[in-house]
Amino acid sequence: MGQWVAALTHGAGSELDLSIGRVEIPPRLALSDFHVHCSGWVLNGDDAACRRFEIRQPLLGPLRGRLRVGSSGEHTEIAFTDVVWAGARGRIVWRWSRGHWTLRCTLSGIDLSQLARLHGRWITEPSGYTDIQGSADVRFELGGAGKDVARVQAVIGVRTVGFNGPDAAQDLAAKMELRAAARPRKHWVASSRLEFTRGQLYLEPGFTLDGARPGFALETPGLVLRINAEWDPSAGKLDVFDLVLDHKKTLRLRASGSFRPFTSKPWDALKVNASLLDLRKAFPMYLQ
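Residue 36 is where the sequence shown starts when you use our numbering, and the numbers rise one by one after that.
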């Protein structure tokens, strides 16, 4: 933990201010320049509550809500309720019991344009994407022991998503589900499903044909991607057991292979089987 300075006035309805140089949150999240303000601070035995709570940190941006901290022997719970962040409202609950912990988060109505402004350095500047808009709903749960994460479950839904840049999107709606669990030797096994229900995508593969840059325009409803994979962090290796892409019974792609994303030759092995099930539909759907 880094250095922190706190000013606290006691008593019902008191205020609490914390300025933290660095805070480490299990499993491996570290945040610096962390400021906390609470008004309406109430202590009751082993429990504490804050009626109006605000966190300010450059990466997180402003996060507001209510806070409750409860402790009973070997059990501790920290609950943020009525959370307001990046246009969203939700709830964040962290529980610890006998060395094991869970973190659950639900946020509804995240404004992607606000998120892009908060995190433009990571979202827009490297990629060249602009005019990001839309909203997202996020629900996830992490679980583990000590500093180690043992399982992850997440559901992310987006709607009315649009952006411009190397590629473009208009009025996208999609839902992604992810499940992952740690295995012996700290390998991770994961499965994911992504389904688009509305919108258009325009993709440029980055090469030219006779001086022209071909583009692929996709009507995304009916586009489904499923992945089963294992990640070995010590070797930096991703084994994709099965990747299946289906689109409106017109395009079907299956792939498997081994991938080392942080090396000069990332692909150890790759097997791809692509099928165009209806050529008459495929040309107007994918080529311009």
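Here a beta-carbon is modelled for each residue, glycine too, at the ideal position from N, C-alpha and C.
Which one of the options has the shortest CA to CA distance from residue i?
i: residue 293; options: 310, 234, 272; result: 272
i: residue 21; options: 98, 164, 140, 197; result: In the structure displayed, the chain extends from 36 to 323; residue 21 sits before or after that span and is not available.
i: residue 204; options: 166, 119, 153, 217; result: 166
i: residue 225; options: 111, 251, 215; result: 215
i: residue 296; options: 266, 284, 287, 278; result: 266
i: residue 71; options: 264, 88, 80, 236; result: 88
i: residue 147; options: 239, 291, 192; result: 192
i: residue 117; options: 86, 130, 223, 93; result: 86
i: residue 326; options: 74, 251, 127; result: Since the displayed the chain opens at 36 and closes at 323, residue 326 lies outside it and no answer follows.
i: residue 183; options: 150, 138, 80; result: 138
i: residue 291; options: 233, 274, 115, 80; result: 274
i: residue 107; options: 130, 81, 113; result: 81
i: residue 67; options: 233, 286, 57; result: 57
i: residue 268; options: 286, 131, 222, 253; result: 222
i: residue 123; options: 130, 142, 115; result: 142
i: residue 231; options: 253, 91, 131, 278; result: 253
i: residue 109; options: 119, 115, 287, 131; result: 131
i: residue 278; options: 285, 84, 220, 263; result: 263
i: residue 84; options: 49, 289, 92; result: 49
i: residue 198; options: 75, 261, 163, 92; result: 163
i: residue 289; options: 119, 195, 261; result: 261
i: residue 285; options: 298, 299, 259; result: 259
Could you spell out the range, first to last residue, of the alpha helix (DSSP H) harbouring residue i?
i: residue 203; result: No alpha helix (DSSP H) holds residue 203; the beta strand (DSSP E) holding it covers 203 to 218.
i: residue 133; result: Per DSSP, residue 133 belongs to no alpha helix (DSSP H) and is neither H nor E.
i: residue 151; result: 147 to 153
Looking at the strands, I want to know which residues DSSP matches up with residue i.
i: residue 306; result: 291
i: residue 89; result: 72, 99
i: residue 189; result: 175, 213
i: residue 84; result: 77, 103
i: residue 262; result: 227, 278
i: residue 113; result: 104, 129
i: residue 181; result: Beta-bridge pairing links residue 181 to no other residue.
i: residue 267; result: 272
i: residue 198; result: 204
i: residue 326; result: Absent from the structure is residue 326, since the part of the chain shown begins at 36 and ends at 323.
i: residue 123; result: 120
i: residue 29; result: Residue 29 is absent from the structure shown; the chain starts at 36 and stops at 323.
Buried or exposed: where does residue i fall if 16 or more other Cβ atoms within 10 Å of its Cβ makes it buried?
i: residue 276; result: exposed
i: residue 42; result: In this predicted model, residue 42 has a pLDDT of only 45, less than 50, meaning its place in the structure is not dependable; the value taken from the coordinates is given anyway. Residue 42 comes out exposed.
i: residue 19; result: It is not possible to answer for residue 19, since the shown part of the chain is limited to 36 through 323.
i: residue 255; result: buried
i: residue 309; result: exposed
i: residue 169; result: buried
i: residue 209; result: buried
i: residue 282; result: buried
i: residue 307; result: exposed
i: residue 78; result: exposed
i: residue 125; result: buried
i: residue 257; result: exposed
i: residue 45; result: At residue 45 the pLDDT is 46, less than 50, meaning the model places this residue with poor confidence; the figure from the coordinates comes in the next sentence. Its Cβ having fewer than 16 others within 10 Å, residue 45 is exposed.
i: residue 136; result: buried
i: residue 150; result: buried
i: residue 100; result: buried
i: residue 270; result: exposed
i: residue 102; result: buried
i: residue 200; result: exposed
i: residue 330; result: The requested residue 330 is not part of the displayed model; the chain covers only 36 to 323.
i: residue 302; result: exposed
i: residue 234; result: buried
Kindly indicate the opening and closing residues of the beta strand (DSSP E) around residue i.
i: residue 227; result: 222 to 238
i: residue 251; result: 251 to 254
Round the Cβ separation of residue i and residue j to the nearest angstrom and send it over; I've been treating them as touching at under 8 Å.
i: residue 14; j: residue 172; result: The chain is shown only over 36 to 323; residue 14 falls outside these bounds and no answer can be derived.
i: residue 202; j: residue 237; result: 6 Å
i: residue 213; j: residue 187; result: 7 Å
i: residue 96; j: residue 153; result: 4 Å
i: residue 185; j: residue 178; result: 6 Å
i: residue 104; j: residue 90; result: The Cβ separation is near 14 Å, so there is no contact.
i: residue 69; j: residue 92; result: 5 Å
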